[in-house]
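>
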Amino acid sequence: MFQQLSDTELIIMEYLWSQNIPKTFSEIKAFFEATTNKNWKKQTLSTFLLRLVKKRVLYANHQEAKVTYYPALSSEEYYQQYTSQIIQTSFHGSLTSFISAFTGNKKLSASDKEELMDFLKGL
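Read in order, the letters of the sequence shown correspond to residues -16 to 106 in this note's numbering.
Structural data, given as structure tokens:
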């Protein structure tokens, strides 16, 4: 079952998705301290990482001397599940209703229509 990420969990995952190698707790903490105003206590970051593992979007590898963390799914997979959840819960599963809300019932440009049609033909 899909579990939406909090804003902070999503920030952590965006960082991990941008990396090509697993990261240690210290590396994650150092990154956020150096690049943001997030000076989390160890327990705070530990709690966020544990929640991400419980939500099954993050793996924790305990086989090494230090625990390393890496994504359990890609950002594309997460956002696909996220969008599907929105369509199911907010639009009763109707992709048409979702697109209508997304566009604000405004007419699509010819190029947007063509791009959308090409996409649908590829499904």
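Don't be surprised by glycine CBs; every beta carbon is placed ideally from N, CA and C.
Exposed or buried, Val40, counting other C-beta atoms within 10 Å across all chains shown (16 or more means buried)?
Indexing the sequence shown from 1 puts residue 40 at position 57. Label assigned to Val40: buried.
> Helix or strand or just coil, what does DSSP make of Ala43?
For the purposes of this step, residue 43 is taken as the residue at position 60 of the sequence shown. Here Ala43 sits in strand by DSSP.
> So, is Leu28 buried or exposed, given that buried needs 16 or more other C-beta atoms within 10 angstroms?
On the sequence shown, residue 28 is found 45 positions in, with the first residue counted as 1. Buried, because 16 or more other Cβ atoms sit within 10 Å of the Cβ of Leu28.
> Looking at the structure shown, is Ser18 part of a helix, part of a strand, or coil, going by DSSP?
Counting from one through the sequence shown, the residue named residue 18 turns up at place 35. The sequence given here places Thr at residue 18; Ser does not occur at that position. Note: Thr18 maps to helix in three-state DSSP.
> Any contact of the segment 54 to 68 with the segment -16 to 4, i.e. 3+ C-beta pairs under 8 Å?
yes
> Can you give the Cα-Cα distance for Ile82 and Ala55, rounded to whole angstroms?
As a working note, residue 82 is residue 99 in the sequence shown. As a working note, residue 55 is residue 72 in the sequence shown. Rounded to whole angstroms, the gap between the alpha carbons of Ile82 and Ala55 is 29 Å.
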